[in-house]
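Okay, so the sequence shown: first residue is 12 according to this note's numbering, each after it adds one.
Positions of the beta carbon are idealized from the N, C-alpha and C atoms, including for glycine.
Notes for the one structure printed next.
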Amino acid sequence: MPLNVNAVLPLLRGFIREDLGTGDLTASLLEGRPATGRYNLKTAGTVAGQQLPGLLYHLLGDDAAYTPEVQDGETVAAGTVLGTATGNMATILAAERLSLNLMQRMSGIATTTRTAVQTLADDHTQILDTRKTAPGLRVFDKYAVRCGGGLNHRMGLYDLAMLKDNHWHAVGSLTAAVQQLRTVLGPAKKIEVEVETDTELQAAIDAQVDIIMFDNQRPDVVRAWQPRVPAEIQTEISGGITLETLPDYAGTGADFLSLGFLTNRVVNLDIGFDLD
């Protein structure tokens, strides 16, 4: 799935307003001067965000251009030139920090996701992200996860119903909560239920939910629970998993494994920009 340009353009306009305010005070020194510069990867990793310099140049006046040298999702070595910027120096430098901030973060997420996929090394279980993203950056964060070989969990509270213990305790029972949601939502929206006990697992199976999340469960528990779940119900592992413990969950048979640290403990990839 490509980057949703229609979704990111309004966000980029807001970022430009935040950074430039009433105008770049040094732009008068640069306006009209032609320039060429290069985005350079200083640390090996997986690239994400290659559309952003060009989109920012477009919003800043459309008098500069960006030519990518590698594609999003590629894993490349330190020293690789990611792309070349040409055009009005004022525009190129006005977009420099914004583009680097986003590309460094996105590439860091993509790199961590690629590492997680390779560490799990399971052809069946797919890595998912979560809603633990930076406010305002979700569309960028989740795109970066896809660049790293992961999949997106729900984008927000609106595209999948997830029942946690707080929800069904308020209603009275897990079964009642699922029944009420089915009545309101109909068949168009999927329902996922988080379970932590054997009793909750059986109730979710009996309620014929779409997805069951094994929350905060050891690998041996997941291996014991998975065969009990009918084939038409998907399963997800979640909660407290690290890169160190990730291999323990390989071969459990679950469909998905979600990792909050992909987007809430981001280590930026080191990318620089230099004018020729």
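At the C-beta level, Y68 and G283 stay beyond 9 Å of one another. Per DSSP, Q245 is not a residue of any alpha helix (DSSP H); the beta strand (DSSP E) it occupies stretches across 245-249. By alpha-carbon distance to Q82, the top candidate from D74, T208, V92 is V92.
Distances from the CA of A55 to each of L23, G65, T86 were compared; the closest alpha carbon is that of T86.
With contacts defined by Cβ atoms closer than 9 Å, T141 and H164 form a contacting pair. In this structure, the straight-line span from the alpha carbon of G60 to that of T47 is close to 20 Å. Burial is judged here by how many other beta carbons sit within 10 angstroms of a residue's own beta carbon; T210 has fewer than 16 and is exposed. Contact between I248 and F225 holds, since their C-beta atoms are separated by about 5 Å, short of 8 Å.
Sequence-distant partners of T97 (beyond 5 residues in either direction) whose C-beta falls short of 7 Å from its own C-beta, in its chain, are T47, A75, A76.
Pairing T274 with D170 gives a Cβ-Cβ distance that is not under 9 Å. Separation of H135 and A265 (C-alpha to C-alpha, rounded to the nearest whole angstrom) is 8 Å. In the DSSP annotation of this structure, the continuous segment of the beta strand (DSSP E) that includes Y50 starts and ends at 45-52.
Counting only unbroken stretches of 3 or more residues, the beta strand (DSSP E) elements lying wholly within the stretch 98-158 are 137-139, in sequence order. Apart from the 5 residues on each side of it in sequence, D285 sits with its Cβ closer than 7 Å to the Cβ of G48, R49, N51 in its chain, given in chain order. Taking I138 as reference, the option from R276, V204, A121, K175 with the minimal CA-CA separation is A121. Scanning its chain for C-beta atoms nearer than 6 Å, with the 5 sequence neighbours on each side dropped, one finds around D35 the residues A105, in chain order. Apart from the 5 residues on each side of it in sequence, A214 sits with its Cβ closer than 7 Å to the Cβ of L185, T186 in its chain, given in chain order. Short of 6 Å from the beta carbon of G250, and not among the five residues preceding or following it, lie these beta carbons of its own chain, in chain order: D226, N227.
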